[in-house]
Amino acid sequence: MKRTVILLLVCCLGCFWGASALAVTPEAQQKVVTSASKNVVEIGLSYSGDRIFFFGVNPVPGSDVVIKLTAEKEEAVKLSMKGRVGPFWMTVKQYEVTGSPFIYKIHTNKPLDQIISKETAQELELGYDAVRYKMKMHLIRGESAPEDADVVWKGLLKIKERANLYNIVEDPKRLEVAEGKLFKHYFRFPAAATEGRYLVESYCFQNGQLVGYGKDVIQIKKVGLENWLTQTSKNQALFYGIMAVLIALGAGLLVGVIFRKGGHH
Amino acid sequence: MEIYLPIAGMSINFFLILGIGGLVGFLSGLFGVGGGFLLTPLMMMIGIPPAVAAASDSNQIVAAASSGAFAHWRLGNVDFKMGLIILAGGIFGGTIGVQFVKVLRAMGNFEFVMKVVYVLMLGLVGGAMFVESLRTIRRSMGSSAEAAAAAPVSEPKLSKLFVKLPLRMHFHRSGLHTSAIFPFSIGTAVGIMAALLGVGGGFIMVPAMIYIIGMPTIVAIGTDLFQIVLTSANVTLQQAFVNHTVDLLLALILLGGSTIGAQFGAVAGKRLKGEQIRILLAVIVLAMTVKLFLDLVLTPTDLVSLAAGKGGGH
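Protein chains in written order, with the working numbering: chain A, 1 to 265; chain B, 1001 to 1314.
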């Protein structure tokens, strides 16, 4: 009997704990009305990334605005770490990183740590620290070392930032909030942003408390020739291979006929 | 003008690829040797994933070699029997090579192995060519009597050994009588390399046919081109089927550039002396070797890099 009571108590405590941990629920907040210049981005032959403008109305005038761009799906990436083997540099270990977003961009009208506490940032996954906290890595090959966690995170961040997939801009000029109400900004989708659904989430904070939330979905998809080539190469690999060979043969023979002498190999 | 390559998954300047294709085409037109061994490293330098670079170059080589093979076939320089036996070896080797690439990619060391093989091959070929052409130039400066003495024609010793093996055949065009195992094993070795490096293997095959098998130079070139068409077609097919790494768009742009470049190269080639051309090629090959070698031994700027074959997500 005593045991049951204790068990019940523990359960109740657990529930309270759970409830308090989910204190910040974005969907329960006032809606931030937003509008994107377009919701579908098409990857055609000349695709080299795209820029999408966003407009939004701040439900609580004067509050701070934080906008986050992520991919809907999380990705699992394999990272190779190079090390010295004799005189050579080669891959000595590999980590699989899960739970890290494919793309991660944040715009704020002032430094993030002045807007929200660390706990809130972690809960809403805002800021690099939060990304790192959520990211999981496990060794697939080689021997692990204590400093690996740091090296892998920094390496991933560098790769992502260079590809313009990760960045954080804390600048009122970049995220204009006119008279504390109307905000506008743009996200640059780099060429590396491939097919998929992307989320743009707008958060409004007043004195560190979430007071408004809005969400836009942007879809990127390959179209026309790009789409056909990608699909065919994956789904009808044999046909794709034969086609590639035949086109090359045809082109080569055509050139041979045109130039008579033909290009040397 | 940016163009999006569907398989490489990146956006790149159209004229940059066309230009690189043109440059390699120009060089291969000028030197009369393969462009593949220059093309793959150049593609990697501009950021094309190594596996996609190698596979797409194979595809491009199908086209480049077929136009050359066509011309040689009309001139009667193709030994089909020899070519087909080498080809059988090449297909065997190419199939092994593609599986090898698959394993290496999964292990994350594809790039390393590829670069090591490149450094070895290019260093060897470049070095030998450099020494040979330098000698020729020195000799032409000296007396002609000395030149005659300094050019010993060595009998291919290995071919004598193979004559004793079973499966002896007569090769009419090449004027040879040797065992079929011989060209088959050479084809196998080159086939493995073709898959690993994305090259037709001409720069190894032609010297091997002339110096090891003992074929006449012009027949070696014609036969080589003929078998390269089929070998690289096989590699392209396997890469497309097993690794999904053939970027047809990339291959077509390269092809456009290289065919135009090859024509200019052939014209320029007529204005230069043979040894001048060879020493120039040797310098280019050696420069490439040094660059790749430094990549292997210098501390890399990025210790962490994305490995191929990511699971799930994007």
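Yeah, the Cβ is synthetic: ideal placement off N, Cα and C, and Gly gets one too.
Under DSSP, the beta-bridge partners assigned to A/ALA178 are A/LEU182. At least 7 Å separates the CB of A/LYS38 from every CB of chain B.
Nearest in C-alpha terms to B/GLN1060, of all of A/LEU249, A/SER35, A/VAL57, is A/LEU249. A Cβ-Cβ contact shorter than 7 Å links B/GLY1089 with B/GLY1187.
Restricting attention to B/VAL1206, B/LEU1225, B/PHE1226, B/GLN1227, the CA atom closest to the CA of B/THR1217 is found in B/VAL1206. Taking 7 Å as the CB threshold, A/GLU42 stays off the interface with chain B. For the 7 Å CB-CB criterion, B/LEU1042 and B/LEU1250 do not form a contact.
Residue range 1110-1141 is occupied by the alpha helix (DSSP H) that includes B/ARG1139, with no beta strand (DSSP E) assigned at that position. If you check the CB distance, B/VAL1078 and B/PHE1226 come in under 7 Å. The beta-carbon of B/ALA1194 is placed no less than 7 Å from the nearest beta-carbon of chain A. The residue among B/VAL1052, B/GLY1047, B/VAL1267 with its C-alpha nearest the C-alpha of A/PHE259 is B/VAL1267.
CA-CA distance, A/THR194 to A/MET81, rounds to 25 Å.
In this structure, A/GLY241 lies away from B/SER1066, with their beta-carbon atoms at least 7 Å apart. Cβ neighbours of B/ALA1282 within its own chain (closer than 7 Å, five residues either side excluded): GLY1126, MET1129, PHE1130, SER1133. Looking at the DSSP output, A/PHE189 bridges to A/ASP50.
Within the segment 1237-1274 of chain B, complete alpha helix (DSSP H) segments of at least 4 residues are found at 1248-1269, given in chain order. Contact annotation: in the segment 1230-1243 of chain B, residues whose CB is within less than 7 Å of a CB in chain A are ALA1233, THR1236, LEU1237, ALA1240, PHE1241. MET1107: these are the residues of the segment 1073-1107 of chain B whose beta carbon lies less than 8 Å from some beta carbon of chain A, given in chain order. Fewer than three beta-carbon pairs drawn from the segment 92-107 of chain A and the segment 115-124 of chain A are found closer than 8 Å, and the two stretches are therefore not classed as touching.
Between B/THR1223 and B/SER1058, the C-beta spacing is not below 7 Å.
Exclusion of the five residues before and after B/GLY1019 leaves GLY1257 as the residues of its chain whose Cβ lies within less than 8 Å of its Cβ. The beta-carbon of B/PHE1037 is placed no less than 7 Å from the nearest beta-carbon of chain A. When Cβ-Cβ separations below 7 Å define contact, B/PHE1015 makes no contact with chain A. Cβ contact annotation for B/LEU1167 (same chain, cutoff 8 Å, sequence separation greater than five): SER1179, ALA1180, ILE1181, in chain order. DSSP, read as helix, strand or coil, puts A/ALA36 in strand. Separation of the CB atoms of A/ALA71 and A/PRO26 is rounded to 18 Å, and the pair is thereby denied contact status at 8 Å. Excluding the 5 residues flanking it on each side, B/SER1232 has same chain C-beta neighbours closer than 6 Å at SER1058, ILE1061, VAL1062, GLY1200, in chain order. Contacts with chain A at 7 Å (Cβ-Cβ) include B/ILE1007.
Using a C-beta cut-off of 8 Å, the segment 175-186 of chain A makes no contact with the segment 84-92 of chain A, since fewer than three inter-stretch Cβ pairs fall below that distance.
With a cutoff of 7 Å on beta-carbon distance, A/LYS78 and A/GLU96 are scored as near each other.
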